[in-house]
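Protein chains in written order, with the working numbering: chain V, 33 to 523; chain R, 33 to 523.
Cβ coordinates follow ideal geometry from the N, Cα and C atoms, glycine included.
Keep in mind the model is a prediction, meaning the values are calculated, not measured.
Worksheet for the structure shown next.
Right under this line is the structure:
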């Protein structure tokens, strides 16, 4: 039987037999209705005819029609045929390009800032020498973590799978509080702990809660740029404070007028590696009290100390509830774990938990529960010792194999703590030269100059240096990287 | 040998033999130095004498002194004794109460808002009838999830454990894009997907990126209060729009001047359960185009439809890049998974990923990787079917057993979709009465009145109703809860 001519031109419809035919037909018809190729009140072919034309089953056509009918695109009565529905001109989207050339959302300053401003993300992919910010996570006991994960998921308590506490799983918070008491001398209650997605979220929460748009916020310069970005996006006016061999220059901080919030990394300044002296620590607490201010203390790698004994964190010296302490599991386990915490002054804990509830409810339960088990069973403390010892050996491999007398490059510093070291270079040009030659032989070195705030008063050449993470790969790979560097730098 | 008198009064020091002695001694001495009981230049007793006095080993005293020395609290030279260090008066914290009565952080409007404003969190603990917002997660295949978790963690690729893509794991984003194409008719590229910590983070990101403080933002009233809070905390002036039997009242939206952002739940309005009609959907897209606006489409329970066919999401009808589509895995798996996603207009995707990088870097890798495997192996699609069918049976149990003619209570509506239903009540007093009587027999019912914005013009009694989640517990528990309700309500 010949196929009768169709009342409308549907010849452009091409269906891919590998895909859902009913959905393709539905979409093709809907598109034609919306762009006006099929006008309101147009009679559609009978399902049998359309099936014949397209070489598909009548049932497929019926399903596509059902969907169009349910969505109000077509109308029909039994025995009277099927028609394109009356969509008023006002409601029919006019034929516009799929995406406007300009983003429609030019309304928010935050969005503009993000669109105009490029933040280099941390490097991803397999760890390489000398990536910064990455611990020896090749040594993580994955087999134990796998076993604890499977045990948790096989029989989870249903009570833990609904909406949980925005401050974090209580068992984990209790273990964190005990850890901070024992290892960092921090007297704290689990009610002061808020579990976060790594230290970045802890800093970002502080920024969102404590920064009034336009307010001055002090931070180390050079310093941790991602903290500066999180503060800036919350509206802070960033005020860089110089860092000397005692850490943040408190006299320079005092000269900043009308500033009540400070972010810093006292235990191992990022990126210079300096430890803030006790004198300065006490001065900072005085500064906070005099200015009715608050201090965000980022103790991102406080577990890594190789010689000397660690100084008490500011939060342990604080008697006035002015220090917000940031800790993370990412430098002991691995970055992609995204698990950290805030230890908050009691007066602030509730507001932070509320804010976090609005931001994301709470952290995923499995990671929290498995970390709690990992700590409770003693794996965590054992792993800290393993990681500290591994980082020390890797540091030693870097110190031992580093080429003497690299032209334009200061000697390596003493490295008593942390996961990276920082060495000064004579000029920005030399910094660029050394780093790009290293990159050509596959060795990652970060530029100290990239840690400065854009409007720093320090002369450009004094910002130059190399920042080298020494923990990311085992000693053998460090030795290879050092050999490659010698070739690349021709020394 | 008698213990010689100490040159300073340390008699108040009491050490608990069950705890680390060196640390306790260190803390006791540090406290006395900081509060002035031990003045600068005071000579400390010899370690042997102090050990004798306190009944501890000399080695313990030495370790405490070492720590104080390292931190700069004491000074000493071999053979010349140990002295309290010179801490300048300016740097010695004065003796102040541990916590000030007033919070020092009165600087941020966001903080004040959070401190003054109580948001009731979702109910936690084991699921109960008739908890809202909770799927039948007792049916989740935990054994499979446990197996996939263990498999991932046993041999993870190290390349996935460092810092990852802020937009989310690429494999997961590809699978989400394919799912949205196949099940929701959304044509999208994985580059438009940003993985989030549940739909709440998706909404919060929109609020933080799209709201200029003071700008008007429209949203359904009654509606999802946690979305309103996230928008308000970003500075939005909330403009409630009435909801009728076609969904959000577009005519009322048009009357709001100078408003360019709309948040809504078109597929199953939260909490009324209405589905937004096609006509209204097209009107909203027109509204967005005319006002250079954007629409946040929260499709929180779009997978649950029991009769009829689902309408195309706004994002599928949008041809101008004006719709930000919010989806979540929490209503198919379980809330504590905290995994959701945004499907963004291409022009906005990069800015959202950057913002997320500043907020928290990215989501934890294990949950993403395991969900990707769960989808790729077909478990997810199977589980959606299982969950839809379970929710339908549980809905039927509620509809069948609901008491007829509850005084002051409208008949139950037809429930074609979602995980909850909403029934109107004559007055606020009656709503309160019914809910508190239910609570007394252990049955959770949410008050429709709690979903209204505080400054709503709708008369109070017209805001009354009951919101009942029907999916949280199996049919048997639903029947028991209904029996209890009959007793409690004496009908």
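Put simply, of 364/V, 329/V, 273/V, 399/V the residue whose alpha carbon is nearest the alpha carbon of residue 291/V is 273/V. Between residue 264/V and residue 235/V, the CB-CB gap reaches or exceeds 9 Å. For residue 219/R, DSSP records no beta bridge to any residue.
Bridge partners of residue 498/R according to DSSP: 455/R, 479/R.
One thing to note: residue 370/R has its Cβ within 9 Å of the Cβ of residue 395/V. Between the alpha carbons of residue 226/V and residue 406/V lies a gap of roughly 19 Å. Residue 334/V and residue 505/V have their C-alpha atoms roughly 20 Å apart. Counting C-beta pairs closer than 8 Å gives three or more between the segment 447–465 of chain V and the segment 421–432 of chain V, which meets the contact rule. Between the segment 165–175 of chain R and the segment 362–369 of chain R, the count of C-beta pairs closer than 8 Å reaches three or more; the two stretches touch. Secondary structure of residue 162/V (DSSP, three-state): strand.
Annotated three-state conformation of residue 278/V is coil, per DSSP. Between the alpha carbons of residue 419/R and residue 344/R lies a distance of about 21 Å.
Around the beta carbon of residue 224/R, 16 or more other beta carbons sit within 10 angstroms, so the residue counts as buried. By the 16-neighbour rule on beta-carbons within 10 angstroms, residue 75/V is exposed. Of all residues in the segment 370–392 of chain R, only 370, 371, 377, 378, 379, 380, 382, 383, 386, 387, 389, 390, 391, 392 place a beta-carbon less than 8 Å from a beta-carbon of chain V. For residue 396/R, the secondary structure class from DSSP, reduced to helix, strand or coil, is coil. Shortest Cα-Cα distance from residue 104/R to any of 92/R, 80/R, 58/R involves 58/R. If you check each beta-carbon in the segment 329–348 of chain V against every beta-carbon of chain R, the ones closer than 7 Å belong to 340, 341, 343, 344. In this model, residue 212/R and residue 413/R are separated by some 12 Å (Cα to Cα).
Of all residues in the segment 181–198 of chain V, only 181, 182, 183, 184, 185, 186, 187, 188, 189, 190, 191, 192, 193, 194, 195, 196, 197, 198 come within less than 9 Å of chain R when Cβ atoms are compared, listed by chain position. The residues 460, in chain order, have a CB closer than 6 Å to that of residue 492/R in the same chain once the five nearest residues on each side in sequence are set aside. Nearest neighbour of residue 185/V by Cα position, chosen from 400/V, 485/V, 441/V, 469/V, turns out to be 400/V.
Restricting attention to 247/V, 403/V, 315/V, the CA atom closest to the CA of residue 279/V is found in 315/V.
Residues of chain R with a Cβ closer than 7 Å to the Cβ of residue 50/V do not exist, since the nearest Cβ in that chain sits about 13 Å away. At a Cβ-Cβ threshold of 9 Å, residue 293/V and residue 249/V count as neighbours.
Separation of the CB atoms of residue 463/V and residue 498/V is rounded to 7 Å, and the pair is thereby assigned contact status at 8 Å. Each residue's CA atom was taken as its position, placing residue 232/V and residue 357/V some 13 Å apart. According to DSSP, residue 269/V shares a beta bridge with 248/V.
Distance check between residue 302/V and each of 282/V, 219/V, 331/V, 215/V places 331/V closest, using alpha-carbon atoms only.
Here residue 171/V has 418, 419, 422 as same chain residues with Cβ atoms under 7 Å from its own Cβ, once five neighbours each way along the sequence are excluded. Taking residue 45/R as the centre and dropping the five residues before and after it, the same chain places the C-beta of 60 closer than 6 Å to its C-beta, in chain order.
Burial is judged here by how many other beta carbons sit within 10 angstroms of a residue's own beta carbon; residue 472/V has fewer than 16 and is exposed.
At a cut-off of 9 Å between beta-carbon atoms, residue 159/V makes contact with chain R. Among the residues of the segment 259–274 of chain V, those with a Cβ less than 7 Å away from any Cβ of chain R are 261, 262, 265, in the order of the chain.
Neighbours of residue 306/R in chain V, taken as residues at a C-beta separation under 8 Å, are lacking, since the least C-beta distance is about 15 Å. Of all residues in the segment 470–491 of chain V, none comes within less than 8 Å of chain R when Cβ atoms are compared.
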